[in-house]
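Asker: From first to last, the protein sequence lines stand for chains A and B. One point on numbering: in the working numbering, the residue at position 9 of the first sequence is 17, and numbering is uninterrupted. One point on numbering: in the working numbering, the residue at position 291 of the second sequence is 287, and numbering is uninterrupted. All residues carry an ideal CB built from backbone N, CA and C; glycine is no exception. There's a structure below that I have some questions on.
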Amino acid sequence: MSAPDMPTRGPARVAPYLIAGVCVAIAIVMPLLVPLYAKAEPALWGIPFFYWYQLLWVFIASGLLAIAFVLVRKEDRRRRAAVKPQKGGAR
Amino acid sequence: MTAHALALAGALAVTGPDATGHRPVNWVALIVVVVLFVLVAVIGFLASRWRTDPAQRGLHSLDEWGLGGRGFGTWVTWFLLGGDLYTAYTFVAVPAAMWAAGAVSGFFAVPYTIVLYPIVFLLMSRLWSVSHRHGYVTPADFVGGRYASRWLSLAVAVTGIVATMPYIALQLVGIRAVLTVLGLGSGSNPLMADIPLIIAFVVLAAYTYTGGLRAPALIAIVKDVLIYIAIIVAIAYLPAHFGGWAGIFKAADTKLSAVNPATNAPFGAVIPGVTGFNAYWTLALGSAMALFMYPHSITGVLATKSRDTIRRNAMVLPLYSLMLGLLALLGYVAIKAGTHPIDTNGAINAQLVVPQLFLDSFPSWFSGVALAAIAIGALVPAAIMSIAASNLFTRNVYRDFFKKDASPKHEANVSKLVSLIVKVGALAFVLGLDQSSAINFQLLGGIWILQTFPAIVAGLYTRWFNKWALLVGWAAGILYGTITAYDVVNPTTHAHFGGSIAAFPGTNTTVYIGITAFLLNAVIATLGTLILRAFKVKDTGDATTEADFGADETDPKVVQEGAQAPLFEA
């Protein structure tokens, strides 16, 4: 068994985590800005804006997390590959 | 439309309760509920054989019994967490709150369960990695290892157990709402409704004992299919049947803006006014931060197969939030429909609004399906919660304080036994105390569990905080939260613990008490750490390394199966 303190991942690049972080932050902040959506108009099929706006964010948040997921998974795999012991001493 | 309303009023006279709350038993719906319940019980008992190595039958470790073998993939996890987080009580209480008091009390559950998943995305894969590597079964295991402190671990464990108990009791309240509208139980004979409740819980306790986490995981699939069918049909049919959304919102506005004689203020609002803004978003954010500190949520996370599983789920679980939002709107539909939720004692009980709406509006057999979905929806979280609470007891109280050399098999046996005790406790809670004290304790439980957030979440990223500072912050948060919640008086009944919002200290702005208590907790933990560091108090014990937080399922474990975790080296 390898030593427990052997790194499981190589160093991180900033960009993927930054973009993923922004996606996550938007998905947290936007549904909480109540003054932005606490109004009746424009209504959709008779449903006040207040209600359909929040239900709409179910889909937007889901999409933002999908973007974050793809970015983070790609970077995670790259970092993991960077520390895999490679035969032939390429690293 | 008028003809429909009249026809409905006629139907009400047949299926609805009379003025004293006495209902005839709805046999067709009752038989559907019983058949589905038996089906689910059979699945529950077969669960112990699902994905188990025949040589390992009997589930002789907490990894097997309490975490389902730590092998659930994306699909199973989606059903399991959906069944775990969106409980029967949620399905009953959220529309009830909408019906009685409008958006601030009820609809905040939607932004709450949207904001929840970005938070899960951020935190939970780190918790999964470190727990996988060290064999942690509970959040308190992680805190104990990270801070090398069994006292901080005990604080997290006790908070988890105490907060979970009333939550299990509330699942019984959900089942009871279903039994009441089915016509079981009356003012003169309340025992009629208690006996089916006791039978349901005994069966639940038995298959949780034998099947562990596998039982609720399988049952959750049935429950979710039923609940999706019920909600989709209800949302497709009811609004059009009652004249469209515009009329429904108008009726809700008329009912909610009427003045409550007890407070001289409106009962509620369809769209919150400026004074409700801060209550709305702090309730949503605080509840979202609290939910994945609950032991039953973390149990669902740790039972997954790989580091990515929980993140992939964070992306698809919001579908349940959409369902919850539509279900919440059924509270308004019930206003328009004139649903009359009368309890067995003749008083109005808002909790009955959705079950009664289904019974009034649909053929009995379909109402039976919807009511069964609610009742089964209570069994899934009740099972997971009792498993999570007994794991906490076994690992962080029994093993850490009484029997340090407990073998995995011994741990599993203790946990199975404790899961029975936990359920009996919850049952006694509901039968012995009144329903409103279960609700009060659950409300307090949310405030309490949020106080474990600093220790758990900060620990996922940094070992900067001092363990004693975190413990003092935790205690201060719990004390402040409890006292403040006690001081909230219900304007109608004049009872204490009348709600979960109070003025932020020094202002008139009302916010969720849990958030204020959390801020107090975090400030004390930070200042305490700075002071202890200034006095050079040593606090460096830590069983984890940075590498643990990024580990995935292919990385070697620090603790191998069957070995004892070296929790407290310092």
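#1: For chain B, check one thing: does any of its Cβ atoms lie closer than 8 angstroms to the Cβ of residue 47/A?
#2: By alpha-carbon positions, which one of 403/B, 192/B and 180/B ends up nearest to residue 20/B?
#3: Reducing DSSP to helix, strand and coil, say where residue 474/B ends up.
#4: Please report the Cβ distance between residue 204/B and residue 211/B, rounded to the nearest whole angstrom; I am assuming they are in contact, meaning their Cβ atoms lie under 8 angstroms.
#5: Report the option in 207/B, 537/B, 267/B and 524/B whose CA atom is closest to the CA atom of residue 56/B.
#6: At the level of alpha carbons, what is the spacing between residue 78/A and residue 532/B?
#7: Between 450/B, 148/B, 413/B and 448/B, which lies nearest to residue 202/B when the distance is taken from Cα to Cα?
#8: For residue 569/B, which residues in chain A fall below 8 angstroms Cβ to Cβ?
#9: For residue 58/B and residue 167/B, I'd like the C-alpha separation in whole angstroms.
#10: Anyone know if the C-beta pair for residue 305/B and residue 69/B falls short of 8 angstroms?
#11: CA-CA distance, residue 38/B and residue 62/B?
#12: Return the Cβ separation of residue 507/B and residue 500/B in integer angstroms, given the expectation that the two are a contact with Cβ distance under 8 angstroms.
#13: Would you report the Cα separation of residue 18/A and residue 317/B, rounded to the nearest angstrom?
#14: Would residue 22/A pass as an interface residue toward chain B - the criterion being a Cβ-Cβ separation below 8 angstroms?
#15: Excluding sequence positions up to five away, which residues of its chain have a Cβ less than 7 angstroms from the Cβ of residue 297/B?
#16: If you draw a straight line from the alpha carbon of residue 462/B to that of residue 521/B, how long is it in whole angstroms?
#17: For the region 91 to 117 of chain B, enumerate the residues whose C-beta is nearer than 8 angstroms to any C-beta of chain A, in chain order.
#18: Go ahead and pull the three-state DSSP assignment for residue 500/B.
#19: When you compare only the Cα positions, how much space is there between residue 71/A and residue 334/B?
#20: Whole angstroms are fine: how far does the CA of residue 97/B sit from the CA of residue 255/B?
#21: Could you please tell me which residues of the region 263 to 276 of chain B, in chain order, have their CB closer than 9 angstroms to any CB of chain A?
#22: For residue 366/B, which residues in the same chain have their Cβ closer than 6 angstroms to its Cβ, ignoring the five residues on either side in sequence?
#23: Can you give the Cα-Cα distance for residue 25/B and residue 231/B, rounded to whole angstroms?
#24: CA-CA distance, residue 87/A and residue 530/B?
#25: Quick one: any contact between the region 260 to 275 of chain B and the region 420 to 427 of chain B, if contact means 3 or more CB pairs under 8 angstroms?
#26: Taking a cut of 7 angstroms between CB atoms, which residues from the region 61 to 78 of chain A lie near chain B?
#27: Just checking: is the beta-carbon of residue 50/A within a distance shorter than 8 angstroms of some beta-carbon in chain B?
#28: Could you check the C-alpha separation between residue 381/B and residue 527/B for me, to the nearest Å?
#29: Run through the region 95 to 150 of chain B for me and flag every whole alpha helix (DSSP H) of 4 or more residues, listed as ranges in chain order.
#30: Leaving out the 5 sequence neighbours to the left and right, which residues in its chain are closer than 6 angstroms to residue 72/B when beta-carbon positions are compared?
#31: How would you label residue 23/B, buried or exposed, when you count the other beta carbons within 10 angstroms and need 16 or more for buried?
#32: Taking the straight line between their C-alpha atoms, what separation do you get for residue 149/B and residue 469/B?
#33: Counting only runs that start and end within the region 15 to 80 of chain B, where is the alpha helix (DSSP H) found for 4 or more residues in a row?
#34: Can a CB atom of chain B be found closer than 8 angstroms to the CB of residue 81/A?
#35: Flag this pair as yes or no: are the beta carbons of residue 64/B and residue 284/B separated by less than 8 angstroms?
#36: Report whether the distance from the Cβ of residue 413/B to the nearest heavy atom of the ligand NAP is below 7 angstroms.
Answerer: For this structure:
#1: yes
#2: 180/B
#3: helix
#4: 6 angstroms
#5: 207/B
#6: 44 angstroms
#7: 413/B
#8: Nothing can be reported for residue 569/B, as the shown portion of chain B is limited to -3 through 566.
#9: 24 angstroms
#10: yes
#11: 20 angstroms
#12: 5 angstroms
#13: 36 angstroms
#14: no
#15: 120, 123, 124 and 306
#16: 8 angstroms
#17: 99, 103, 106, 107, 110, 111, 113, 114, 115 and 117
#18: coil
#19: 38 angstroms
#20: 12 angstroms
#21: 266, 267, 268, 269, 270, 272, 273, 274 and 276
#22: 226 and 354
#23: 20 angstroms
#24: 37 angstroms
#25: no
#26: 62, 63, 65, 66, 69, 70, 73, 74, 76 and 77
#27: no
#28: 38 angstroms
#29: 99 to 102, 105 to 130 and 135 to 143
#30: 213
#31: exposed
#32: 14 angstroms
#33: 23 to 42 and 58 to 61
#34: yes
#35: no
#36: Annotation note on the ligand NAP: not contained in the displayed structure, which lists no ligands.
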